[in-house]
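Enquirer: In order, the protein sequence lines correspond to chains A and B.
837 is the number of the first residue of the first sequence in the working numbering; add one for each residue after it.
7 is the number of the first residue of the second sequence in the working numbering; add one for each residue after it.
Quick one: the structure is below, questions incoming.
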Amino acid sequence: MQNHKYDVVVIGGGVVGTAILRALSFYQLKLLLIEKQPDVCEGTSKANSGIVHTGFDAKPGTVEAECLRRSRSLWPILVENLRIPFIPCGAVMVATNEEEKQIIETTYVPNAKANDVDVHWMSAEEILEMNPAVTAEVTGGLAVPGEAICDPFWATRAFGEIAVLNGAEVVLGQGVSHIETVSNGEDLRLTLENGETVTTRYAVNAAGLWSDEIARMVGDESFSISPRKGQFILTEEAISISSIILPVPTKTSKGVLVSPVVFGGFLLGPTAEDQEDKWDRSTSQAGMESVLAGCEKLVPDSRQFSTIRQFAGVRAVCSEGDFVIRPSAVQPRMIHAAGIRSTGLSASPGIAELVAATLQKAGLELQANEQAQHALPDLFSEEQETGEIICLCRSITRSEIVNSLKRPLTPQTIDGVKRRTGATLGECQGNCCIPKIIDVMAETYPEHTGKQPLKGVRNSYLAVAQGEKQA
Amino acid sequence: MMYELVIIGAGISGLTAALSAWERGVSSVLMIDYQKRRGGFTLPYWSSDEFAPERELLEKAASLPYEIHEQSTVVGFFPGANGQLHQLYVQSPMGTYSIEAKKVLIASGSLEKPREAHKIPGTRPAGVMTPMMAMQLIERGYQPGRKIVLIENGRISRSTAVLLEKETSNLVKYAESDWELTSIKGLSRVEGVQLRNRMTDEINEVACDTLIFAKGRVPCTFFLKGAPIERDQHDAIIVDATGKTNLPDIYAAGSCTCLGDDDHTNSMELAKETAKQLF
């Protein structure tokens, strides 16, 4: 890694960073992605509703609306080429009184029209026929047929994998600690946490919640990021809804929604809580209560649902109120892809296009790489269904786990295996099979034996290896 | 392959029933188990005093001449209608195969219900685990952690505490009857837990790097999804006192049934009663 000079280094391995890496991998460029966590998709990209938004409610004229508009036509190709689990289930914004109907008619219908998103009014009968679990108080609603759900991790991983197959390099588990300008301002030198340095002509700042800190490294203080938490409840209860059920937003809040999940089950949430700590992903009694109180207005039985898991994600709220996609005014060799609040997954294909165009404008030559692959080949062997069951709750076999360990972006953590196979996602939440997955990882990569197995993020060691001294 | 009886699960209930079948002279019996060894999910606790009867059972069962398919899991169950044979699909290290059975005893046991099922607030760091996970880590030469808080709420957690105390001195126990687990702290690894005294409402913040907790059970009936065998709202198989399910020649016993208990204390009794009905 240290001997090369890169054309572009992407900082951050979330859905935005990997989408950019993928888009750039179709050109003759020397590429590197740096992610500080042990796997891609460990930040905002992993803990969200998984909804691919149309942008019907985005503020017209914003960079966000533009990225969402571009993405709408890109998603169908991505879904096909990368086999992303994707369900075009549509959404309904449910009105329960005349006032809410008014808000839809005066705000959301014209807004959708301005963004060129197809919406139409739906009667209460139609809504209830498709979604019998919705409150009987529904008076009608706004149908947004283009809204869909997908697996955010699958998308992120697939973006990264296709880029790797096209020659891009990915460094996991190393953050950027320092950036300096070298070669008379022609290049940037990035110092990683382990002291290694990387030289590159351009850097893309896709560091999500930490993108303001990356900008500061080149002396750019033009924007700042503050964290906003969203708590979710995941249930496997069979709720009779077939669409994403949205409330009519109030002046203060977009409100909580009920959405199907692409692999089964339903998500309730999120809350919107501004906080200080970018790392705080805790759930709270109050948060759960506010999710349930909101959801029961849409789906009255919400409080009775048993839950398989709760989680919280933190999204980036930008001081500029919009996506920041531009070269840094202080250091034009750094292109920001920052301030991506809650539509990062949905907008990532469009953001990637825009970043590529921005890089070109900044002087990067984009010459098509004729050999580049666009479709992810089937990397699962015929052996997929063989071997004993390791994850009992979800019937995941040894071979499925071994296969996941041999993909272009090799998982190094239990959560990495979880997101690539579905293992540990069942009711026991991995308490039965995590030790067995540790065994399979050690058998597949004997050189890792003796290392402390990690759950997910850095330092999330699952156990203390024998013989290790007391800390 | 056809058997008079297929027993799904070689744990407390399965082994008990198998011994009864042998005593009654039944020769064509196959046992299928997910684990590498017979004994079931509770096996790691059997060295503690509270599991003396189970230990005795295992010694007796060691001499059973029945075929046991280990590391094998039933992934499809098709009950035979009108006296026809039941068909089972089994996933094993060698791949998938099907077997036929005149009678089936489901003794597939249960897993522990983890923290997530109980909506306990806080973060989701590594180091929160159930007794079963802690014991499996120890089996592999790991220590679950350096300072462990264990919530005691029954035979399994008590036995885990006894066994852990042999491994480490840094174990603190809290009885669930007195203390409610109210929050978990820590970003990557557990840094502490918050407990509330049920009597006094006193809040106790305990620094630790490991929390061992489980409450309730998850019946291992995942392979019955879509099968017409009746289950209750917790997915436990509905049986009568003799282990009969809603379908003829399909029986169930132990903690996978609605009569089982979280600590597997009545599993032997239920299995003995069920075995009487089998032949």
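Yeah, the Cβ is synthetic: ideal placement off N, Cα and C, and Gly gets one too.
1. Which residue from 1011/A, 951/A, 1025/A puts its Cα closest to that of residue 1017/A?
2. Once DSSP output is grouped into helix, strand and coil, what is the label at residue 153/B?
3. Alpha carbons only, please: which of 981/A, 1068/A, 1061/A, 1037/A is nearest the one belonging to residue 1044/A?
4. For residue 140/B versus residue 218/B, is the C-beta distance shorter than 9 Å?
5. Under a Cβ-count criterion, where at least 16 other Cβ atoms within 10 Å of its own Cβ denotes burial, should residue 1305/A be classed as buried or exposed?
6. Can you tell which of 92/B, 8/B, 153/B has its C-alpha closest to the C-alpha of residue 177/B?
7. Residues in its own chain within less than 8 Å of residue 1228/A by CB, not counting five upstream and five downstream?
8. Can you tell me which of the three DSSP states residue 97/B falls into?
9. Compare the C-beta of residue 204/B against all C-beta atoms of chain A and say whether one is closer than 9 Å.
10. Given that residue 1115/A touches chain B, what residues does it touch there, using C-beta distances under 7 Å?
11. Could you list which residues in chain A have their beta carbon closer than 9 Å to that of residue 219/B, in chain order?
12. Report yes or no: is there a C-beta of chain B within less than 9 Å of the C-beta of residue 1276/A?
13. DSSP state of residue 852/A, grouped into three classes?
14. In its own chain, which residues sit with a C-beta less than 6 Å from the C-beta of residue 42/B, not counting the 5 before and 5 after it?
15. Thinking just about the alpha-carbon of each residue, which of 236/B, 228/B, 189/B, 110/B is nearest to the one in residue 1118/A?
16. Name the residues in the region 134 to 146 of chain B whose C-beta lies less than 7 Å from a C-beta of chain A; which are they?
17. Please list, in chain order, all residues of the same chain as residue 1276/A whose beta carbon is under 8 Å from its beta carbon, the five residues on each side excluded.
18. Pull up the distance between the alpha-carbon of residue 885/A and that of residue 872/A, whole angstroms please.
19. Name the chain B residues whose beta carbon is nearer than 7 Å to that of residue 1265/A?
20. Ignore the nearest five residues each way along the sequence and tell me which others in residue 121/B's own chain have a CB closer than 6 Å to its CB.
21. Give me the DSSP bridge partner(s) of residue 1226/A.
22. By the DSSP assignment, the alpha helix (DSSP H) with residue 1271/A in it spans what residues?
23. Per DSSP, what kind of secondary structure is residue 920/A in: helix, strand or coil?
24. Under 9 Å, Cβ to Cβ, is there at least one residue of chain B near residue 1108/A?
25. What's the gap between the Cα of residue 1208/A and the Cα of residue 1186/A?
26. Mind checking which residues open and close the alpha helix (DSSP H) that includes residue 26/B?
27. Between the region 945 to 955 of chain A and the region 889 to 909 of chain A, do at least 3 Cβ pairs fall closer than 8 Å?
28. Taking only runs that begin and end inside the region 1170 to 1204 of chain A, name each unbroken beta strand (DSSP E) of 3 or more residues, in chain order.
29. Which term fits residue 1291/A, buried or exposed, when burial requires 16 or more other beta carbons within 10 angstroms of its beta carbon?
30. Please work out which residues of its chain come closer than 6 Å, Cβ to Cβ, to residue 48/B, disregarding the five sequence neighbours upstream and downstream, and give them in chain order.
31. Within the 9 Å Cβ cut-off, does residue 1233/A reach chain B?
32. Ignoring anything shorter than 3 residues or poking outside the region 1026 to 1067 of chain A, list the beta strand (DSSP E) runs there in chain order.
33. Below 6 Å CB to CB, which residues in the same chain sit around residue 999/A once its five sequence neighbours on both sides are set aside?
34. Can you pull the chain A residues whose beta carbon is under 8 Å from the beta carbon of residue 309/B, in chain order?
35. For residue 226/B, which residues in chain A fall below 8 Å Cβ to Cβ?
36. Can you give, in chain order, each stretch of the beta strand (DSSP E) that sits fully within the region 172 to 258 of chain B and has at least 3 residues?
Expert: Taking the coordinates as given:
1. The shortest CA-to-CA distance from residue 1017/A to any of 1011/A, 951/A, 1025/A is the one to 1025/A.
2. coil
3. 1061/A
4. yes
5. The predicted model places residue 1305/A with a pLDDT of 44, which falls under 50 and marks its position as unreliable; any figure quoted below should be read in that light. Exposed, by the Cβ-count rule.
6. Of the listed residues, the one whose Cα sits closest to residue 177/B is 153/B.
7. 1262, 1264, 1268, 1269
8. strand
9. no
10. 193
11. Neighbours of residue 219/B on chain A: none; closest Cβ ~10 Å, over 9 Å.
12. Closer than 9 Å: no.
13. helix
14. 76, 77
15. 189/B
16. Answer in chain order: 135, 136, 138, 139, 142, 143, 146.
17. Cβ contact annotation for residue 1276/A (same chain, cutoff 8 Å, sequence separation greater than five): 1226, 1234, 1237, 1238, 1241, in chain order.
18. 24 Å
19. Neighbours of residue 1265/A on chain B, chain order: 120, 122.
20. The residues are 134, 219.
21. In DSSP, residue 1226/A forms no bridge with anything.
22. 1270 to 1280
23. coil
24. no
25. 20 Å
26. 18 to 29
27. Yes, the region 945 to 955 of chain A is in contact with the region 889 to 909 of chain A.
28. 1170 to 1174
29. Burial call: buried.
30. Closer than 6 Å at Cβ, skipping near neighbours: 270.
31. yes
32. Correct list: 1033 to 1041.
33. Cβ neighbours of residue 999/A beyond the five flanking positions: 857, 858, 861.
34. With chain B covering only 7 through 285, there is no way to say anything about residue 309/B.
35. 1228
36. 177 to 181, 185 to 191, 198 to 203, 209 to 213, 216 to 218, 223 to 225, 256 to 258
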